[in-house]
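Chemist: Let me give you the structure first, and then I'll get to my questions.
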Amino acid sequence: MLNIHNLSISFQGEYLFEDITFKLVPGDRVGLIGKNGAGKSTMLKILSKELEPDTGQIAGDKELKIGFLKQDIDFVLGRTVLEESYQAFVEIKILEAKLEQINFELADRTDYESESYNQLMIDMNDFQHQYEILGGYNYQGETEKILQGLGFKREDFDKLTDTFSGGWRMRIELAKLLLQNNDLLLLDEPTNHLDIESIIWLEGFLKNYSGAVAIVSHDKMFLDNVTNRTIEISLGRIYDYAKPYTEYLVLRKELREQQLASQKNQQKKIEQTEKLIEKFRAKASKATMAQSLIKKLDKVDRIEVDEDDNSVMTLNFPVSVTPGKIVIEAEGVSKNYGKKTVLSKVDLNIERNVKTAFVGQNGQGKSTLAKILVGDLEYDGALKLGHNVQIGYFAQNQAEYLDGTKTVLDTMIDAANETNRSKVRDILGSFLFRGEEAEKYVRVLSGGERNRLALAKLMLQPFNVLVMDEPTNHLDIKSKNVLKDALKRFEGTLLLVSHDRDFLQGLTETVYEFKDNNIKEYLGDIDYYLEQRNVENLREVEKRTVVKTTPKEKNKQSYEDQKKLKSLNNKLSNTESKINTLEKEIKEIDVELATNYDQVVSKPDFFNNYQAKKDKLAKLTDSWEEITMELLELED
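Counted from 1, the sequence shown has number 394 at position 359 by my numbering; the numbering is strictly sequential.
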């Protein structure tokens, strides 16, 4: 399928990897692993032919189709989720356009006996045959099935993609790749934006995938469940074994121990031979023997032991001061984004030193509640922090707030205060930014290196309650293990938003599931939660099949009604987006008025512009209500 021979690539004079050779064949599900900055994402870019290597060759089948899920994606604005997903079917969409054109022409023709009419019928028959072979009559159903598997609901299908977060757009891109008939899938951190249920679904899909898959992931459980081969990039070399991740680690350790034992035995024999040579050199009668032993020693193939990059960050989270027994008390907390309710009358009571996990599907309010608890979002209801509570917060997109134009060292110095500025170099060293590494610009760091820097910044502030939103995204497996161990040792209170099952195992003693605008408590770890949740899932599926509209019922709607429904949903999404933008702008003006009134009102036409925004918001709100009423009537 794909042969990689003597591949090398370097950056700024240093090799990421050199003279690497391996091949990929159908059925391979490869876990591409290694430390942050080892070159995993670079390897995927080379395999996808997005990046040219310095030396080496990549040879593949002539008709080889490669799909590549990258970390940064761009969407064409104005498409719905379904329309964007259908972009996976380029050939089918071309044929649909041709068939539509032929049908349009045939509708106005009456020259049934003419040669041109006959040719149109032949073309239509050919196109319909190609359409059927390519799966034209099945692709819409297959698209909906995969979108639902990745967590989308039917009511999301006709919403515009630009109304979704980056994580949900990544799911759309993943859906497109899974729908294409690719021979090789290259997936760079596919689980980063997936909740636990979607990860389980993706595992099942990839296990049955007939082509080859190469996955960069730091989710050990995902790798163990999906892969049958592991390629590790370490210190410019690769180690390639036909084993999933955990089995590979055991095998690699055993092989290294064998190498060490063989090297030790060989060294003992070499030393014995060298002693004989020295002994025989002193005697003229034994000089020939000495020369013979020297030649024999020169021919010995010295056993080398695989180098292992064991450098890991060192991490401890000290507790600043001891807080009161109750650290967080929330009662009736609600949050709406425009007309969309995310949290509804949530009650939460967190005691000192308890470690708690927030889990559930994306969009259910986990990050929203985390932001409310740390004071980043306004809300309705009551929230009270306990005595002496000091909160440290690691946001999901923490690394995005780093300034790419600054160096690693400057980033830390700017965040430090008088008491800890002298410790900046030591802190950076413990996070593997030593020597020249600290002088690197943030923009050249890998995703994992940025996360390490964001964690290092966190150490510059005092806290006894730690709120972390997806802290393991982009961290390599060794760094994740260090972080997990540090959080286990942390003697304060931990609130952790995560979809990483392996990371959560044995770390927290309470799980809150976010679902249907509220939360449910499970007094156990993630394994206990999953055990309980699987039972609930079966019941939920049964309930849905009773109330869900069947495809047959859906087809009873006229074509015009379906078209109108789609148009109204698009209008609704656009209106909601405009309302959210205006509400944000008005809120920012209100804040400016409260803090700097005289300077703000002195701006030309300030009050006219301010009132115009409010009037526009009122009209949009009226429009939203009208569209919603139309939708309700149409759906009835």
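Where is the CB? At the ideal position from N, CA and C, for every residue including glycine.
With DSSP as the reference, label LYS360 as helix, strand or coil.
Modeler: Coil, per DSSP.
Chemist: Where do the ends of the alpha helix (DSSP H) carrying PHE52 lie?
Modeler: Not the alpha helix (DSSP H): PHE52 falls in the beta strand (DSSP E), residues 49-59.
Chemist: In angstroms, rounded to a whole number, what distance separates the CA positions of ASN217 and GLN92?
Modeler: Looking at the two C-alpha atoms, the distance is approximately 21 Å.
Chemist: Kindly indicate which residue of ARG206, ALA430, LYS599 and GLU611 has the alpha-carbon position closest to the one of ALA653.
Modeler: Of ARG206, ALA430, LYS599 and GLU611, the residue nearest in Cα terms is GLU611.
Chemist: Would a C-beta distance cut-off of 8 Å place LEU350 and ALA521 closer than the cut-off?
Modeler: Yes, the Cβ-Cβ distance between LEU350 and ALA521 is below 8 Å.
Chemist: Cα separation between ALA296 and GLU49?
Modeler: Between ALA296 and GLU49, the C-alpha separation is close to 32 Å.
Chemist: Please report the Cβ distance between ASP511 and HIS253, rounded to the nearest whole angstrom; I am assuming they are in contact, meaning their Cβ atoms lie under 8 Å.
Modeler: With 8 Å as the limit, ASP511 and HIS253 qualify as a contact, their Cβ atoms being about 6 Å apart.
Chemist: Hey, is ILE361's beta-carbon within less than 8 Å of any beta-carbon in chain D?
Modeler: Protein chains in the displayed structure number just one, and chain D is not present.
Chemist: Short check: CB of LEU37 to CB of LEU222, under 8 Å?
Modeler: No. Outside cutoff.
Chemist: If PHE192 and THR115 are in contact, beta carbons under 8 Å, what's the gap, nearest whole angstrom?
Modeler: About 7 Å separates the two Cβ atoms, so the contact holds.
Chemist: Which of helix, strand or coil does DSSP assign to MET159?
Modeler: Three-state result, MET159: helix.
Chemist: Rounded to the nearest angstrom, what separates LYS375 and GLN183 at their Cα positions?
Modeler: Roughly 20 Å between the two C-alpha positions.
Chemist: Return yes when the Cβ of ARG485 is within less than 8 Å of the Cβ of VAL479, no when it is not.
Modeler: Result no, Cβ atoms of VAL479 and ARG485 do not sit closer than 8 Å.
Chemist: From the DSSP output, read off the bridge partner residues of HIS40.
Modeler: Paired residues: GLN92.
Chemist: Mind checking whether LEU501 and PHE525 have CB atoms under 8 Å apart?
Modeler: Yes, these two residues count as a Cβ contact at 8 Å.
Chemist: My parser needs the beta strand (DSSP E) runs of 3 or more residues fully inside the region 243-267; what are they?
Modeler: Whole beta strand (DSSP E) segments, 3+ residues: 247-251.
Chemist: Assess contact between the region 447-458 and the region 411-420, defined as three or more Cβ pairs (one per stretch) separated by less than 8 Å. Is contact present?
Modeler: In short, these stretches do not touch, since the Cβ pair count stays below three.
Chemist: If distances are taken between C-alpha atoms only, which option among LEU444, PRO61, LEU332 and PHE52 comes closest to LYS475?
Modeler: Of LEU444, PRO61, LEU332 and PHE52, the residue nearest in Cα terms is LEU444.
Chemist: Suppose you measure from the CA of LEU86 to the CA of MET256; what does that come to, to the nearest Å?
Modeler: The straight-line gap from Cα to Cα measures roughly 30 Å.
Chemist: Are the CB atoms of GLY69 and ILE268 nearer to each other than 8 Å?
Modeler: Contact flag set, yes.
Chemist: Closest by CA to ASN388, which one among GLY421, LYS380, SER457 and LYS401?
Modeler: Checked all of GLY421, LYS380, SER457 and LYS401; the closest Cα to ASN388 is GLY421.
Chemist: Our contact map puts ILE672 next to LYS638 with C-beta atoms below 8 Å; I'd like the distance itself, whole angstroms only.
Modeler: A question about residue 672 goes unanswered here, because the residues of the chain that appear run from 36 up to 671.
Chemist: Cβ of THR528 within 8 Å of Cβ of ASN499?
Modeler: Yes, they are a contact pair.
Chemist: Pull the bridge partners of MET324 from the DSSP assignment, please.
Modeler: Paired residues: none, contrary to the question.
Chemist: From the DSSP output, in three-state form, read off GLU148 for me.
Modeler: Three-state DSSP puts GLU148 in coil, outside helix and strand.
Chemist: Excluding the 5 residues flanking ALA142 on each side, which residues of the same chain have their C-beta closer than 7 Å to its C-beta?
Modeler: Result list for ALA142: empty, nothing under 7 Å.
Chemist: Leaving out five residues on either side along the sequence, give the residues of the same chain with a beta carbon under 8 Å from the beta carbon of ARG460.
Modeler: Closer than 8 Å at the Cβ level, and outside the excluded window around ARG460, lie LEU444 and ALA473.
Chemist: What does DSSP give as the partner residue(s) for THR545 in the beta ladder?
Modeler: Looking at the DSSP assignment, THR545 forms a beta bridge with THR391.
Chemist: Using a threshold of 8 Å, state whether the C-beta atoms of SER355 and GLN425 are closer than that.
Modeler: Yes, these two residues count as a Cβ contact at 8 Å.
Chemist: From THR507 to HIS164, what does the alpha carbon distance come to, in whole angstroms?
Modeler: THR507 and HIS164: Cα-Cα distance of roughly 49 Å.
Chemist: Which residues share a DSSP beta bridge with GLY66?
Modeler: Bridge partners of GLY66: ILE250 and THR265.
Chemist: Measure the C-alpha to C-alpha separation of THR545 and ALA491 and round it to an integer number of angstroms.
Modeler: Cα to Cα, THR545 sits roughly 27 Å from ALA491.
Chemist: For SER457, count neighbouring Cβ atoms within 10 angstroms of its own Cβ and tell me buried if that reaches 16, exposed if not.
Modeler: Classification for SER457: exposed.
Chemist: Counting only the same chain and skipping the five closest in sequence on each side, list residues whose C-beta sits under 6 Å from that of ILE385.
Modeler: Closer than 6 Å at Cβ, skipping near neighbours: VAL362 and ILE363.
Chemist: Taking the continuous beta strand (DSSP E) assigned at ASN508, which residues delimit it?
Modeler: From DSSP, ASN508 is part of no beta strand (DSSP E); its letter is neither H nor E.
Chemist: Can you have a look at MET156 and say buried or exposed, based on whether 16 or more other CB atoms are within 10 angstroms of its CB?
Modeler: Exposed is the call here.
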